[in-house]
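Sequence lines, in order, name chains W and E. At position 108 of the first sequence (counting the first as 1) the number is 108 in this note's numbering, and the numbers step up by one without a gap. In this note's numbering, each residue's number is its place in the second sequence (first place is 1) plus 1000.
2 protein chains.
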Amino acid sequence: MAEKLRAVPCVKCPMRRLPIFKPNTAEEIAFIERLRIEQVGVPAGASIVREGQVKPPLYSLFAGWAFRYKTLTDGRRQILNFLLPGDLIGFQAHMLGDAAHGVDALTDVVLCHHARDKIWTLYKNYPELAFDVTWLTAHEEGVIDDALVSVGRRSALESVAMLLIHLYKRAHALGLTEGNELDLPVSQQHMADALGLSLVHTNKTLRRLQKLGLFKLDRQRFTLLNRGAMERLADYFEKPLDARPLL
Amino acid sequence: MAEKLRAVPCVKCPMRRLPIFKPNTAEEIAFIERLRIEQVGVPAGASIVREGQVKPPLYSLFAGWAFRYKTLTDGRRQILNFLLPGDLIGFQAHMLGDAAHGVDALTDVVLCHHARDKIWTLYKNYPELAFDVTWLTAHEEGVIDDALVSVGRRSALESVAMLLIHLYKRAHALGLTEGNELDLPVSQQHMADALGLSLVHTNKTLRRLQKLGLFKLDRQRFTLLNRGAMERLADYFEKPLDARPLL
DNA sequence: TCCTCTATTTGTCATTTGACATAGCGCGGG
DNA sequence: CCCGCGCTATGTCAAATGACAAATAGAGGA
Chain W
1 MAEKLRAVPC VKCPMRRLPI FKPNTAEEIA FIERLRIEQV GVPAGASIVR EGQVKPPLYS
61 LFAGWAFRYK TLTDGRRQIL NFLLPGDLIG FQAHMLGDAA HGVDALTDVV LCHHARDKIW
121 TLYKNYPELA FDVTWLTAHE EGVIDDALVS VGRRSALESV AMLLIHLYKR AHALGLTEGN
181 ELDLPVSQQH MADALGLSLV HTNKTLRRLQ KLGLFKLDRQ RFTLLNRGAM ERLADYFEKP
241 LDARPLL
Chain E
1001 MAEKLRAVPC VKCPMRRLPI FKPNTAEEIA FIERLRIEQV GVPAGASIVR EGQVKPPLYS
1061 LFAGWAFRYK TLTDGRRQIL NFLLPGDLIG FQAHMLGDAA HGVDALTDVV LCHHARDKIW
1121 TLYKNYPELA FDVTWLTAHE EGVIDDALVS VGRRSALESV AMLLIHLYKR AHALGLTEGN
1181 ELDLPVSQQH MADALGLSLV HTNKTLRRLQ KLGLFKLDRQ RFTLLNRGAM ERLADYFEKP
1241 LDARPLL
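Shown next, in the form of structure tokens:
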């Protein structure tokens, strides 16, 4: 299910050119290059890390979309968050032992597979990078905090608006938008599972928002029509994202 | 609102004797001692960190209970999680700039106030401790993941069971239980805000669970009566907690 | 092209949860 | 000792959301 690829050298990593990512020194980049074992491709829909997998590999997402989730034994699924290029996969599990959550690919995906046993070297010899790892972990926690507020305290209408504006902003920072449009590889079932709603109610809520003229969503093509109204409805006003580290 | 205290030396920290905490070398403990500026007391109900506070102080919780929360502009509040002794406060904010969430004391609380500007020294000279900070951040993220599953996909009955068994286990690991009893300084309003439920519905759900004989809760005194049933209802079976780092 | 499969859409009805009103209870202050 | 206040408890009704059923619409394969 996973396919080895010819890897792009880290120095030439196109993501590093995006202003959203913090620059690294040449030496740091050289270390990151050594940290990486290989690049692998995973097709849309496939599993990247399974729930409960022991000592899962360490990845960072190079291209494509994925999501983290947990399921209850009777099958109910909660999507914890969506992963976009630059996000780490499996670090939480690396720290704690095994994977408390699963990760699936939403689109075809390219991963940088990192050497678990070099992480300790990273902490010992590259404190700046160690700091970056903590930063990313803390940042991820902040994203989930927001998700928890949505699921717990926002109405369905507000949650859906929140999710869409949030994904739009993240994708925009990565240069994945064209004008106010975006390819959103997220089905209504995924949105429902991320928001703790039923599929049907999610659908009806999406239609209601579109009837209000806030956005258009047709065959995974998302067009943001009234950003201000979206932000007000979601009660979500974020300062422009800070530059974030990239491993 | 915050009162300076005569500090307990870290080497004599009573928490370090608990098996739940990972031992540290003498040198590490000495550094942690230097990291700490002072111990401060905060009374029950007071604010420890305000939402949006810029560069909030760095604390670890030495004694008492607290909680993290976010509010929407119209006042709806979501409690993100509860904090018990050994938990860090304000690290996420330290990494990201300012506090995305507030922290309030549930009981009278004692905090170790750490020097923000020595964190970098920690990363540079004590990679093991840096690793520990990341571990704690990742662990916290895992706790919130679980909360998100509750709020999103569990029924009110299941969520309440989950919250109570979860707090019971954490308190137990810290030696805060007596037999199967525990002082639970959490009002029904707090539970409601943690679970995304209304106060009234939380109350009714609590009564229902008690009628089922799962536990007793009277004036903040919680007695666990049927642990197996609680775990099954909550669909929550956790391996005994791993030893965790202590700063 | 037709067929099949999956995702989306819509309607109807059931259930869960929330809102409001009100009462009881226990604790601390005068 | 009484009073006031915050937390808990309970009943009734309303609103939000879920469950089920069924139709439609695209997407990809034979």
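We put the CB at the ideal spot given by N, CA and C, even for glycine. For clarity, every value in this text was computed on a predicted model and none was experimentally measured.
For Leu1206 (chain E), no CB of chain W lies under 8 angstroms from its own CB, so it is not counted at the interface with that chain.
Bounds of the beta strand (DSSP E) holding Asn81 (chain W) are Arg77 to Leu83.
DSSP links Thr1223 (chain E) through a beta bridge to E:Glu1181 and E:Lys1216. The secondary-structure analysis by DSSP pairs Gly45 (chain W) with nothing; it has no beta-bridge partner. If you look at Phe1021 (chain E), you'll find it isn't in any beta strand (DSSP E); DSSP assigns it neither H nor E. Within the region 92 to 104 of chain W, Gln92, Ala93, His94, Met95, Leu96, Gly97, Ala100 and His101 place their CB atoms closer than 9 angstroms to a CB of chain E, listed in sequence order. Against Trp135 (chain W), the close residues of chain E are Met1095 and Leu1096, in the order they occur along the chain (beta-carbon pairs closer than 9 angstroms). The beta carbon of Leu1184 (chain E) sits closer than 6 angstroms to those of Gln1220 and Phe1222, all from its chain and outside the five residues before and after it, given in chain order. Using beta-carbon distances, Asp235 (chain W) counts as an interface residue toward chain E, with a partner under 8 angstroms. DSSP lists E:His1114 as the beta-bridge partner residues of Arg1036 (chain E). Counting only residues of its own chain and dropping the five nearest sequence neighbours on each side, Ala1115 (chain E) has a CB closer than 7 angstroms to the CB of Leu1035 and Ile1037. In the DSSP assignment, Lys70 (chain W) forms a beta bridge with W:Gln78. Annotation: Arg50 (chain W) to Leu1005 (chain E) spans about 48 angstroms, alpha carbon to alpha carbon. Only Ala147, Leu148, Val149, Ser150, Val151, Gly152, Arg153, Arg154 and Glu158 from the region 147 to 166 of chain W bring a Cβ to less than 9 angstroms from some Cβ of chain E.
With fewer than 16 neighbouring CB atoms inside 10 Å of its own CB, Phe1237 (chain E) falls in the exposed class. Chain-ordered, the chain W residues with CB closer than 8 angstroms to the CB of Thr1073 (chain E) read Asp235.
The beta carbons of Ile48 (chain W) and Asp98 (chain W) sit about 15 angstroms from each other, so the pair does not count as a contact at 8 angstroms. Per DSSP, the continuous beta strand (DSSP E) segment holding Tyr1059 (chain E) begins and ends at Leu1058 to Ala1063. Burial is judged here by how many other beta carbons sit within 10 angstroms of a residue's own beta carbon; Arg17 (chain W) has fewer than 16 and is exposed. Identification of residues in the region 3 to 28 of chain W having a C-beta nearer than 8 angstroms to some C-beta of chain E yields an empty set.
Not one beta carbon of chain W lies nearer than 8 angstroms to the beta carbon of Leu1241 (chain E). Under the Cβ criterion of 8 angstroms, Phe1031 (chain E) is not counted among the residues facing chain W. Within 7 angstroms of the CB of Arg1076 (chain E), the CB atoms of chain W belong to Arg153, in sequence order along the chain.
Per the coordinates, the alpha-carbon of Tyr123 (chain W) lies some 41 angstroms from the alpha-carbon of Glu1181 (chain E). Checking the DSSP bridge columns, you'll see Ala1105 (chain E) partnered with E:Ala1066. DSSP places Val1160 (chain E) within a helical segment (H, G or I) once states are collapsed to three. Contact between Cys10 (chain W) and Phe62 (chain W) does not hold, since their C-beta atoms are separated by about 10 angstroms, which reaches or exceeds 8 angstroms.
DSSP lists W:Phe21 as the beta-bridge partner residues of Arg244 (chain W). For chain W, none of the residues of the region 1035 to 1053 of chain E brings a beta carbon within less than 8 angstroms of one of its beta carbons. Any Cβ of chain W closer than 8 angstroms to the Cβ of Pro1056 (chain E) would place that residue at the interface, and such an atom is absent. The C-beta distance from Leu96 (chain W) to His1139 (chain E) rounds to 6 angstroms, short enough to meet the 8 angstroms contact threshold.
For Glu1141 (chain E), the neighbours in chain W by C-beta distance under 7 angstroms run, in chain order, Gln92, Thr137, Glu140, Glu141 and Ile144. DSSP, read as helix, strand or coil, puts Asp146 (chain W) in helix.
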